[in-house]
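Reviewing the structure listed below.
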């Protein structure tokens, strides 16, 4: 009975988080707190996904049998005298989620969901329109779908999209100052702060910055990538291998003349012990090459042969320092 009570409590809390994350007043702090809650117990994320599934059904099906929902999400326990505990929990869940979804639909607003992956993990999801998304390590995104629009916000990390084309519902991905509009395609988006890379595998997309000006908007097709560097505030269209658009799915991180700060930030999404850059001068150094996520330490060992830096482990941290810097004389 204790396990049932624990599950019911998790579902109640998950329903509360579901509502809070969709509140227009929600902030990044809200998301951080939600992630901390999911990290506390593997069952928390399971409960949240059950609530999300229930909410999706309520919104998509409209009139749903209350008895069927109770039977699926809160089956009667073997002890007859205690059946009402699960039913009450499910009823509260229906009230919290179903009531909110119903109100949201009456307002003509979009449905929203949030997804996240852990460090060094991948996660595959299917959106309500059939679009398939694969999340790289330590990635977070949210979706907001309405009758006339499909919007995805990539908060951090990297994701590969296989979009189901719908001319009546444009599909957009926002990553910092960059907006990617799908024109029927498969593509990868990597966000490192405001530094964004879009790599094409199939089809065509239109990429624009926050200003929306035609002078800073490009179209990319398979075999091309778009790099947005906030330091230059411009789109850079380069050639790329379509087969490597999402090489990270095969445990390979590909970098093409990218700042070391960007390289390190992305490697940290696959390393339990994050790398630290001690000297600011190193951040602007560029790196081109492949880093295998299951052999990051091997890459670190060889890095001083490529760039003028030192790699040191100190106090549980791996630190990259400038090898050109003279030691302080005492």
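In the working numbering, the protein residues as written are 18 to 347.
For every residue, glycine included, the Cβ atom is placed at its ideal position computed from N, Cα and C.
A direct Cα-to-Cα measurement between residue 57 and residue 150 gives close to 25 Å. Within the DSSP secondary-structure output, residue 304 pairs in a beta bridge with 275. The C-alpha of residue 169 is placed about 12 Å away from the C-alpha of residue 163. Listed in chain order, the alpha helix (DSSP H) elements of length 4 or more contained wholly in the segment 182–239 amount to none. Inclusion of residue 241 and residue 261 in the CB contact set at 9 Å is not warranted, their separation being larger than that value. Boundaries of the alpha helix (DSSP H) harbouring residue 314: 313–319, taken from the DSSP string. As a beta-bridge residue in DSSP terms, residue 132 pairs with 158. Looking at 329, 304, 180 and 271, the one whose alpha-carbon comes closest to that of residue 146 is 180. Counting only the Cα atoms, residue 200 lies some 12 Å from residue 185. Within the same chain, Cβ atoms closer than 7 Å to the Cβ of residue 338 are found at 295, 296, 326, 327 and 329, the five residues on either side in sequence being excluded.
Between residue 277 and residue 302, the CB-CB gap stays under 9 Å.
Within the model, the alpha-carbon separation for residue 315 versus residue 265 is close to 17 Å.
Residue 261 sits in a helix when the DSSP states are folded into three classes. For a cut-off of 8 Å, the C-beta gap from residue 218 to residue 205 is around 7 Å, short enough to register as a contact. Residue 244 has 214 and 253 as its beta-bridge partners, per DSSP.
DSSP places residue 341 outside both helix and strand once states are collapsed to three, so it counts as coil.
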